[in-house]
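Worksheet for the structure shown next.
Number of protein chains: 2
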Amino acid sequence: MIVRDLNAARQTDRLVNADGWDSTRLLLAGDDMGFSFHITRIHENTSHVFHYKHHFESVYCIAGEGSIEELDTGTVHQIRPGVMYALNLHDRHRLTAKSEMVMACCFNPPVSGQEVHRADGSYAPIAEDA
Amino acid sequence: MIVRDLNAARQTDRLVNADGWDSTRLLLAGDDMGFSFHITRIHENTSHVFHYKHHFESVYCIAGEGSIEELDTGTVHQIRPGVMYALNLHDRHRLTAKSEMVMACCFNPPVSGQEVHRADGSYAPIAEDA
Numbered sequence: 001m002i003v004r005d006l007n008a009a010r011q012t013d014r015l016v017n018a019d020g021w022d023s024t025r026l027l028l029a030g031d032d033m034g035f036s037f038h039i040t041r042i043h044e045n046t047s048h049v050f051h052y053k054h055h056f057e058s059v060y061c062i063a064g065e066g067s068i069e070e071l072d073t074g075t076v077h078q079i080r081p082g083v084m085y086a087l088n089l090h091d092r093h094r095l096t097a098k099s100e101m102v103m104a105c106c107f108n109p110p111v112s113g114q115e116v117h118r119a120d121g122s123y124a125p126i127a128e129d130a
Numbered sequence: 131m132i133v134r135d136l137n138a139a140r141q142t143d144r145l146v147n148a149d150g151w152d153s154t155r156l157l158l159a160g161d162d163m164g165f166s167f168h169i170t171r172i173h174e175n176t177s178h179v180f181h182y183k184h185h186f187e188s189v190y191c192i193a194g195e196g197s198i199e200e201l202d203t204g205t206v207h208q209i210r211p212g213v214m215y216a217l218n219l220h221d222r223h224r225l226t227a228k229s230e231m232v233m234a235c236c237f238n239p240p241v242s243g244q245e246v247h248r249a250d251g252s253y254a255p256i257a258e259d260a
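First to last, the protein sequences are chains D and S.
Residue numbering for the first sequence follows this note's numbering, beginning at 1 and increasing consecutively.
Residue numbering for the second sequence follows this note's numbering, beginning at 131 and increasing consecutively.
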């Protein structure tokens, strides 16, 4: 059995900081669960475009409020605690936080943890999937 | 993109009620994400033995307090918001809630949603994996 605590994990390299969000990887590919599990915080009043071309991701809102826009259609869904979205079509999307959002995220295939961002703030190619 | 709300899902057959706990399946096998995702509530002052012989499960505590005992070793871990456990060894375990615990659960392989409990309170054999 693996037992991990978010607050402890945030003191380690499990915490990945990015511009306007951070993500703490509580399970990674090396844990051999077949998925990875992250707690991600989207900072207040920030907006981000993501496109996971090779992964499925589900995101459950634990706290905070915002919205997600399907960029291919313009459809906007409100996000509040209790709302889950799942990118079953590798949907290109814009995530906007009105207040800090705390999200529980599952990735399949699992993220390896190697997908760190580069000094220029971008990601190496593999990272676009993380 | 799939978008589902916990409160709405609890009004449908996505909510599975059991003795001392309930689980709302926000993603099931039919969603083709490669995992299922459930919000499970363990009722206050209840204790449960689970053993998922054929699934991996991760469980993240959103709210509430309790403990998990590894039944093969007797080791007990405290559960509070921010703690995640992952049954990477199909661990037989006892989950005990001091206060109502709200947990975000991922299963691989995904639960089909057919694993309902029987009239006698037990599960059909397939359900021991759900």
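Backbone N, C-alpha and C define an ideal beta-carbon position, used for all residues, glycine too.
Nothing here was measured: the structure is a model prediction, and the numbers come from that model.
**OP:** May I ask which residues mark the beginning and end of the alpha helix (DSSP H) holding D/Leu-6?
**Re:** Counting from 1 along the first sequence, the entry for residue 6 of chain D is found at position 6. Element bounds for D/Leu-6: 6–9.
Subject >> Residues of the region 188–208 of chain S whose Cβ lies closer than 7 Å to any Cβ of chain D, in chain order >> reply: Among the residues of the region 188–208 of chain S, those with a Cβ less than 7 Å away from any Cβ of chain D are Ser-188, Tyr-190, Ile-192, Glu-200 and His-207, in the order of the chain.
Original post:
With DSSP run on the structure shown, which of helix, strand or coil describes S/Ala-150?
Top reply: As a first step, residue 150 of chain S must be located in the second sequence, where it is residue number 20. The sequence shown places Gly at residue 150 of chain S, rather than the Ala named in the question. Correct three-state label for S/Gly-150: coil.
**OP:** Would you kindly check if the distance between the Cβ of D/Leu-89 and the Cβ of S/Met-214 is under 8 Å?
**Re:** Counted from its first residue, the second sequence places residue 214 of chain S at position 84. Counted from its first residue, the first sequence places residue 89 of chain D at position 89. Between S/Met-214 and D/Leu-89, the CB-CB gap reaches or exceeds 8 Å.
Original post:
Do you know offhand how far D/Val-102's Cα is from S/Asp-135's?
Top reply: Counted from its first residue, the first sequence places residue 102 of chain D at position 102. Counted from its first residue, the second sequence places residue 135 of chain S at position 5. In this structure, the alpha-carbon of D/Val-102 lies about 16 Å from that of S/Asp-135.
**OP:** Excluding the 5 residues preceding and the 5 following S/Val-179 in the sequence, name in chain order all residues of the same chain whose CB lies nearer than 6 Å to its CB.
**Re:** If you number the second sequence from 1, residue 179 of chain S lands on position 49. Hits under 6 Å: Arg-224.
Subject >> Contacts that D/Ile-2 makes with chain S (C-beta to C-beta distance below 7 Å) >> reply: Here residue 2 of chain D corresponds to residue number 2 of the first sequence, with the count starting at 1. Neighbours of D/Ile-2 on chain S, chain order: Tyr-215, Ala-216 and Asn-218.
**OP:** Taking C-beta pairs closer than 7 Å, name the residues in chain D that S/Met-163 reaches, listed in chain order.
**Re:** Residue 163 of chain S sits at position 33 when you count from the first residue of the second sequence. Residues of chain D passing the Cβ test: Phe-56, Ser-58, Ala-86, Asn-88 and Asn-108.
Original post:
What first and last residue would you give for the beta strand (DSSP E) that runs through S/Ser-166?
Top reply: Sequence index remark: in the second sequence, residue 166 of chain S carries index 36 (1-based). 166–172 is the span of the beta strand (DSSP E), which, as asked, contains S/Ser-166.
Original post:
Whose C-beta lies closer than 8 Å to the C-beta of S/Pro-240 among residues of the same chain, with five residues either side of it excluded?
Top reply: In the second sequence, the residue the question calls residue 240 of chain S occupies position 110. Apart from the 5 residues on each side of it in sequence, S/Pro-240 sits with its Cβ closer than 8 Å to the Cβ of Leu-157, Leu-158, Ala-159, Asp-161, Met-163, Gly-164, Phe-165 and Ser-166 in its chain, given in chain order.
Original post:
Are the CB atoms of S/Arg-171 and S/Asp-202 nearer to each other than 8 Å?
Top reply: Taking the second sequence and counting its residues from 1, the one referred to as residue 171 of chain S is at position 41. Taking the second sequence and counting its residues from 1, the one referred to as residue 202 of chain S is at position 72. Going by beta carbons, S/Arg-171 and S/Asp-202 fall outside the 8 Å limit.
Original post:
Within the 8 Å Cβ cut-off, does S/Gly-212 reach chain D?
Top reply: As a working note, residue 212 of chain S is residue 82 in the second sequence. For S/Gly-212, the closest Cβ of chain D is nearer than 8 Å.
**OP:** On the DSSP bridge assignment, give the partners of D/Val-83 in chain order.
**Re:** Taking the first sequence and counting its residues from 1, the one referred to as residue 83 of chain D is at position 83. Paired residue(s): S/Asp-135.
Original post:
Is the distance from the Cβ of S/Ser-153 to the Cβ of S/Thr-226 below 8 Å?
Top reply: Translated into positions along the second sequence, residue 153 of chain S becomes position 23. Translated into positions along the second sequence, residue 226 of chain S becomes position 96. Cβ distance not < 8 Å, so S/Ser-153 and S/Thr-226 don't count as in contact.
Original post:
Around the C-beta of S/Val-146, are 16 or more other C-beta atoms found within 10 angstroms, so that it is buried, or is it exposed?
Top reply: Residue mapping note: residue 146 of chain S aligns to position 16 of the second sequence, counting from 1. Around the CB of S/Val-146, 16 or more other CB atoms lie within 10 Å, so the residue is classed as buried.
Original post:
Ordered along the chain, which non-local residues of its own chain (more than five positions away) have a Cβ less than 6 Å from that of D/Asn-108?
Top reply: The residue you call residue 108 of chain D lines up with position 108 of the first sequence. Within its own chain, the residues whose Cβ lies closer than 6 Å to the Cβ of D/Asn-108, once the five positions on either side in sequence are excluded, are Phe-35 and Phe-56, listed in chain order.
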